[in-house]
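Counted the way mature numbering (1 follows the signal peptide of the UniProt record, and there is no 0) counts, the sequence shown spans residues -22 to -1, 1 to 437. Even for Gly, the Cβ is constructed at its ideal location relative to N, Cα and C. Worksheet: the structure to be examined is printed underneath.
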Amino acid sequence: MLKIILPMTMLLPVALLSPAKSMWTNTTAHGLLIALISLHWLTPSYYPLKTLTLWAGTDQISTPLLVLSSWFLPLMIMASQGHLQHEPPMRKRMFISTLITIQPFIILAFSATELMLFYISFEATLIPTLILITRWGNQPERLSAGIYLLFYTLISSLPLLVSILYLHSKTGTLQLPMLKLIHPDTPTSWTSLLSGLALLTAFMVKAPLYGLHLWLPKAHVEAPIAGSMLLAALLLKLGGYGIMRVTLLMGPLSSYLCYPFLTLALWGALMTSSICLRQTDLKSLIAYSSVSHMGLVIAASMIQTQWSFSGAMILMISHGLTSSLLFCLANTNYERTHSRILILTRGLQPLLPLMSLWWLLANLTNMALPPTTNMMAELTIMTALFNWSSPTIILTGIATLLTASYTLYMLLSTQRGTLPAHITTAPNSNTREHLLMTLHIIPMLALILKPELISGTPL
């Protein structure tokens, strides 16, 4: 554990002390090295918990997410170079150090085996995100977006703290391996129902469940590109991961808790997909699409079968890569046209022909084309949900249809059609952007060949 966390923290002096000329190179190279080292977590083993210490350990659920979070740090640094090029060097250093500060907290949150440590790191990721959005966002609305993010997360996470303390007073321990050995109570009393609700609500806001999702489009639209990538790829996964961890602890969920969350998640997948069809703002469209994908993850992790957990795991990883890639593409458009409105940025294929290849690949994975892991995940989740209750196939089927339609709408409106009159020239796409897209696509294509790495089932 420490051989990843210590180099991550040592990235801070690298960013602060590097000469201005080689700062980007040093931080990116160092980040990629850490990402390569973190791949050793994926080695198969027969033990449920690997590298177990008193405070951290990795198992089948957390390993893929840990590798994903290490992989994204250099990508975020690479993506941010474009919009920071006119800033003074000190501000660039502050930006990179904000990105680096959030990384150990995310890694601790994914690997903590002690619930209190998990809670602290889960909340600590909020502060650097808030700084990213309210300091480096583009419009003045970023302040209201930051307030939305802060208050949604804080209001929902106080009950989580109370219920963790209640759990500790009841069982006497907060160690996850110990809690698994304690017999679950029969969930009849109101206290267990309410503590279950309190445990779940914080993660439902983070993952966003439909109805608690209003902070997400705002935060995504106002955040700089690194903030969007961080939110889409890692912070939403904290919510899904928390739901999977906590539902395993709580034993059998009472149906009072299960049904409202399930109906909201599935109905929300349908609703947000149809909201996507009416979006005028590109980043907002991608943000709503992540709400609909995470709705499937919530629904799957609420029914708690082996199949649904595996599907939710695969969908979280593949959605992290896909939506982050889409945000990067939207950002390359934004840096050239300085507009996120779909009507003003259409017909860009003749200007940036190679970028339209990345657009095509990203959109095909987003709408779950057959060989991709997105497709395996959605099929697994739909099978598990159908097995649990057959009418869910109506909701998931319509949601899939709508997903395909808004994805194609996004592809056609950005790439096809006549070029608007006000776009006369656009700078060429450069190697850095193509490398960034390639580093998103390579894991996606590689995971098609070996999806059991991220399926959350013991290898």
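- Three-way DSSP call (helix, strand, coil) for L437 in this model: In this prediction, L437 has a pLDDT of 45, which is less than 50 and means its spatial position is unreliable; what the coordinates show is noted afterwards. Secondary structure at L437: coil, using DSSP grouped into helix, strand and coil.
- Item | Limits of the alpha helix (DSSP H) - the one that M388 falls within | Counting along the chain, the alpha helix (DSSP H) containing M388 begins and ends at T370 to Q393.
- Message: Excluding the 5 residues flanking L417 on each side, which residues of the same chain have their C-beta closer than 7 Å to its C-beta?
- Response: The beta carbon of L417 sits closer than 7 Å to those of L53, all from its chain and outside the five residues before and after it, given in chain order.
- Under 8 Å between C-beta atoms of A308 and I264: In this structure, I264 lies closer than 8 Å to A308 by Cβ.
- Message: Mapping the DSSP letters down to three states, classify Q63 as helix, strand or coil.
- Response: Coil at Q63, not helix or strand.
- Message: What does the Cβ neighbour count give for T114, buried or exposed, with the cut at 16 atoms within 10 Å?
- Response: Note on residue identity: the sequence assigns Trp, not Thr, to residue 114. With 16 or more other Cβ atoms within 10 Å, it is buried.
- Does the beta-carbon distance from A277 to L244 come in below 8 Å? Yes; because the gap between Cβ atoms is below 8 Å, this pair is in contact.
- Message: Is any non-hydrogen atom of the ligand SAM found closer than 7 Å to the C-beta of Y266, if you look at the structure I gave you?
- Response: Of ligands this structure carries none, so the ligand SAM is not represented either.
- Can you say whether R394 is buried or exposed, counting buried as having 16 or more other CB atoms within 10 angstroms of its CB? With fewer than 16 Cβ atoms within 10 Å of its Cβ, R394 is classed as exposed.
- By DSSP, does Q81 sit in helix, in strand, or in coil? In this structure, Q81 counts as helix in the three-state DSSP scheme.
- Item | W193 burial status per 10 Å Cβ neighbour count (16 or more: buried) | A buried status is given to W193, since no fewer than 16 other beta-carbon atoms sit within 10 Å of its beta-carbon.
- With 16 other CB atoms within 10 Å as the buried threshold, where does P237 fall? A small correction: the amino acid at residue 237 is Tyr; Pro does not occupy that position in the sequence shown. Per the 10 Å Cβ criterion, exposed.
- Hey, quick one: how far does the alpha helix (DSSP H) through Y144 stretch, first residue to last? Unbroken alpha helix (DSSP H) run through Y144: R120 to T149.
- Item | Pairwise C-alpha distance: N365 and F50 | Going by the C-alpha atoms only, they are around 35 Å apart.
- Query: What are the start and end residues of each continuous alpha helix (DSSP H) run of 4 or more residues lying completely inside the stretch 237 to 285, in chain order?
  - Reply: Unbroken alpha helix (DSSP H) stretches of 4 residues or longer found wholly inside the stretch 237 to 285: 260 to 281, given in chain order.
- C-alpha distance - M(-13) paired with M360, whole-angstrom precision: Pairing M(-13) with M360, the inter-Cα distance amounts to about 43 Å.
- Item | Three-state secondary structure (DSSP) of T21 | In the structure shown, T21 sits in coil (DSSP, three-state: anything other than H, G, I, E or B).
- Just mark R69 as buried or exposed, buried being the case when its beta carbon has 16 or more other beta carbons within 10 Å. It counts as exposed.
- Which of helix, strand or coil DSSP assigns to T31: Three-state result, T31: coil.
- Query: Between the stretch 196 to 212 and the stretch 105 to 120, do at least 3 Cβ pairs fall closer than 8 Å?
  - Reply: They touch, by the three-pair rule.
- Query: Is there contact here, the stretch 216 to 230 with the stretch 83 to 103, by at least three beta-carbon pairs under 8 Å?
  - Reply: Taking a cut-off of 8 Å for Cβ pairs, the stretch 216 to 230 and the stretch 83 to 103 touch, as three or more such pairs fall below it.
- In this structure, does DSSP put I432 in helix, strand or coil? Looking at I432 - three-state DSSP - the assignment turns out to be coil, as it is neither helix nor strand.
- Near L128, what residues of its chain come up, given a Cβ to Cβ distance below 8 Å and the 5 sequence neighbours on each side ignored? Answer for L128: L104 and L108, listed in chain order.
- Task: Measure the C-alpha to C-alpha separation of M294 and I426 and round it to an integer number of angstroms.
- Result: Cα-Cα distance, rounded: 15 Å.
- Message: Can you tell me whether T91 is helix, strand or coil according to DSSP?
- Response: In this structure, DSSP gives T91 a state outside helix and strand, which the three-state scheme calls coil.
- Contact between the stretch 316 to 330 and the stretch 281 to 294 (3+ Cβ pairs under 8 Å): Touching, no.
- Q153 bridges to which residues according to DSSP? DSSP lists E92 as the beta-bridge partner residues of Q153.
- Query: If we count Cβ pairs, one from each stretch, closer than 8 Å, do we get three or more for the stretch -20 to -3 versus the stretch 14 to 22?
  - Reply: Judged by Cβ distances under 8 Å, the stretch -20 to -3 makes contact with the stretch 14 to 22, as three or more pairs qualify.
- Task: From the DSSP output, read off the bridge partner residues of T36.
- Result: The partner list for T36 (beta bridge, DSSP) reads K28.
- Message: Using only the alpha-carbon positions, how far apart do L329 and Y384 sit?
- Response: The straight-line gap from Cα to Cα measures roughly 23 Å.
- Message: On a Cα-Cα basis, can you pick out the residue from P26, N352, G273 and Q284 that is closest to T300?
- Response: In terms of Cα proximity to T300, the closest of P26, N352, G273 and Q284 is N352.
- With C-beta atoms as the reference, is T358 less than 8 Å away from W285? A contact, by the Cβ cut-off of 8 Å.
- Could you please give the first and the last residue of the uninterrupted alpha helix (DSSP H) stretch that includes I203? Residues I203 to L208.
- Among E430, L121, L27 and L77, which has the Cα closest to the Cα of S288? Closest option to S288, Cα to Cα, is E430.
- Exposed or buried, what is P106 when buried is set at 16 or more other beta-carbons lying within 10 Å of its beta-carbon? Around the beta carbon of P106, 16 or more other beta carbons lie within 10 angstroms, which makes this residue buried.
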